[in-house]
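Step one of this worksheet: look at the structure below.
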Amino acid sequence: MSHDQQDAVARRLEQGLKDRWYALCPSSFIREKPVSLDRLGTNLAVWRGTDGKVHALEDRCPHRGAKLSQGTILNDTLKCPYHGVEVRCDGVATSVPASPGCKLEGSRSTFNYHVMEAADTLFVYNASKPVDAPPPFHLPPELGDDTRFSRFLCYVEWKCDYRYVLDNVLDPMHGTFLHKQSHSMFQGGTQMKFGIEATETGFLFAKEGQRDVNFDWSEFADTGGQWVKLEIPYPKTGGPGGGFIIIGMVTPISPQLCGVYFWRVRKVAPGWERDTWRFLYRDRLEARHWHVLEQDRVLLEDLAPDASEHEHLYDHDMGVVRLRRVMRNMAQEQVDAEKAAG
Ligand code: FES
Ligand SMILES: [Fe+2]
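In the numbering used here, the protein residues as written are 940 to 1281.
What follows is the structure in structure tokens.
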């Protein structure tokens, strides 16, 4: 592989894979004004049309580059503040008021991105080239099935490479050490054997012979977008329902900043049981969860940017190794395919 290709693969990994869905921001970020967001190596203008649907365009006017996000919303279209060019959500410049009929008018001159909204979150399809209809993103049931699951979105921005956050989830063993003092991860062995099992959509990395005791397994899946999952048992004081499930997604904002989405989910029937959990969560559990999450944040933000070049990995790190290999292979395939296509 040439140096150029190696660089291209590294850049692809750093900025995020193409042709995948990523979490863009919490739904609440996008209200009545357009917003400019750096994500995935690009800058997006994101807005909510008067009909409530959210759209995203590259945040650059096709005329002379003003930020479309500084413009005004005309439902599915943004009007640039500089000279009034109107760009529709499919990237077509629909009106050039100062020069009607010019070449720009009617041209698809702005990169457009597809957005979907679910689980209190906006997701963006990181297309390698504009598409009319993106492939579906099959959300895990924990995010889509409200009859069985209840959830809270926890969104944070951490000053580290987004891959550190994924590595951290594929490393269940850190629960027993870093989070030893927490309410849910004080039990279980400190020297465990792990196994990896392929699933239809990714892989499961799990301790052998220990379940429902600590942070005992995590899963990586790609269902049109990539997410991770883990489950930690609740102590009795956690009220009715199943274990504490976390579905996670991470999106690069810049090389040293990422948006982290942890949906904290519980399998709990609607009615008093669900109401009890939601009350307990707000009243007591959320503060404890935040305390644990802070331990992760402090650790990951202080990892050197080149930490992975100086590692000495051992058996517990097989999940991390597998994850990195999966991601690298995907990035490599994408770069190869683009090169072949010229
Ligand atoms: S730069 Fe947008 S209309 Fe001129
Ligand atoms: Fe952790």
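Glycine is no exception: its CB is placed at the ideal position from the N, C-alpha and C atoms. Source: prediction; values computed, not measured.
Backbone CA spacing between residue i and residue j [nearest angstrom]
i, j, result
"alanine 1226", "alanine 1058", "21 Å"
"phenylalanine 1116", "leucine 1169", "17 Å"
"lysine 1042", "valine 1026", "14 Å"
"leucine 1219", "valine 1054", "33 Å"
"isoleucine 1012", "glycine 988", "7 Å"
"tryptophan 1229", "serine 1121", "11 Å"
"glycine 1182", "glutamate 1212", "14 Å"
"tyrosine 1101", "proline 1209", "34 Å"
"methionine 1131", "glutamine 1165", "27 Å"
"aspartate 1222", "tryptophan 1216", "10 Å"
"methionine 1269", "lysine 1175", "42 Å"
"alanine 1137", "histidine 942", "32 Å"
"glutamine 1271", "phenylalanine 1076", "22 Å"
"histidine 1249", "leucine 1238", "17 Å"
"glutamine 1234", "histidine 1118", "7 Å"
"glycine 1083", "arginine 1090", "10 Å"
"arginine 1267", "alanine 1279", "18 Å"
"threonine 1086", "tyrosine 1173", "21 Å"
"serine 975", "serine 1193", "14 Å"
"proline 1179", "glutamine 1126", "21 Å"
"arginine 1263", "serine 1247", "11 Å"
"valine 1152", "aspartate 1214", "25 Å"
"arginine 970", "leucine 1252", "45 Å"
"glutamate 1277", "proline 1039", "37 Å"
Sheet register partners of residue i (DSSP bridge)
i, result
"proline 1191", "Cys1197"
"histidine 994", "Trp986"
"lysine 1018", "Thr1011, Glu1025"
"arginine 1205", "Ser1089"
"leucine 964", "It is cysteine, not leucine, that sits at residue 964 in the sequence shown. Leu1061."
"arginine 1047", "Val1031"
"tyrosine 1094", "Tyr1200"
"alanine 1137", "Phe1142"
"glutamate 1158", "Leu1143, Lys1168"
"threonine 981", "Arg978"
"phenylalanine 1183", "Ile1171"
CB contact flag (residue i, residue j, <7 Å)
i, j, result
"lysine 1146", "asparagine 1065", "no"
"glutamate 1056", "glycine 1198", "no"
"aspartate 1015", "leucine 1007", "no"
"valine 1259", "aspartate 1161", "no"
"glycine 1010", "cysteine 1019", "yes"
"isoleucine 1184", "valine 1207", "no"
"arginine 950", "threonine 1190", "no"
"cysteine 1093", "phenylalanine 1201", "yes"
"glycine 1141", "phenylalanine 1159", "yes"
"proline 1069", "phenylalanine 1088", "no"
"leucine 1109", "phenylalanine 1144", "yes"
"isoleucine 1171", "glutamate 1081", "no"
"alanine 1005", "leucine 996", "no"
"glutamine 954", "glycine 980", "yes"
"valine 1024", "cysteine 1000", "yes"
"valine 948", "valine 1265", "no"
"tryptophan 960", "glycine 1177", "no"
"serine 1157", "proline 1111", "yes"
"tyrosine 1103", "leucine 1242", "yes"
"proline 965", "tryptophan 986", "no"
Other residues of its chain near residue i: CB distance less than 8 Å, five sequence neighbours each side excluded
i, result
"glycine 1045", "Val1031, Ala1032, Thr1033"
"lysine 1098", "Gln1195, Leu1196, Glu1240"
"methionine 1257", "Phe1133, Ile1135, Phe1144"
Span of the beta strand (DSSP E) around residue i
i, result
"methionine 1055", "1054-1057"
"valine 1167", "1165-1171"
Cβ neighbours of residue i in the same chain (closer than 7 Å, five flanking residues each side left out)
i, result
"histidine 1022", "His1002, Ala1037"
"alanine 962", "Thr1060, Phe1062, Met1188, Thr1190, Gly1198, Tyr1200"
"glycine 1128", "Gln1149"
"glycine 1134", "Ala1145, Glu1147"
Alpha helix (DSSP H) segment containing residue i, residue limits
i, result
"alanine 1279", "1257-1279"
"proline 973", "Taken as a continuous stretch (DSSP letters only), proline 973 belongs to no alpha helix (DSSP H), as it is neither H nor E."
"glutamate 1081", "1080-1083"
"phenylalanine 1116", "1113-1117"
"asparagine 1153", "First-last for asparagine 1153: undefined, no H or E at that position."
"leucine 1219", "1211-1219"
"glutamate 1240", "1225-1240"
"tyrosine 1101", "1101-1108"
"valine 948", "942-954"
Cβ-based neighbour list, residue i, same chain, cut-off 6 Å, excluding 5 preceding and 5 following
i, result
"histidine 1113", "none"
"aspartate 1254", "none"
"glycine 1148", "none"
"arginine 904", "What the structure shows of the chain is the stretch from 940 to 1281, and residue 904 is not part of that stretch, so it cannot be assessed."
"asparagine 982", "Asp998"
"proline 1074", "Gly1163"
Ligand 3 heavy atom lying under 6 Å from the CB of residue i
i, result
"arginine 951", "Ligand 3 is not part of the structure shown, which contains ligand 1 and ligand 2 as its ligands."
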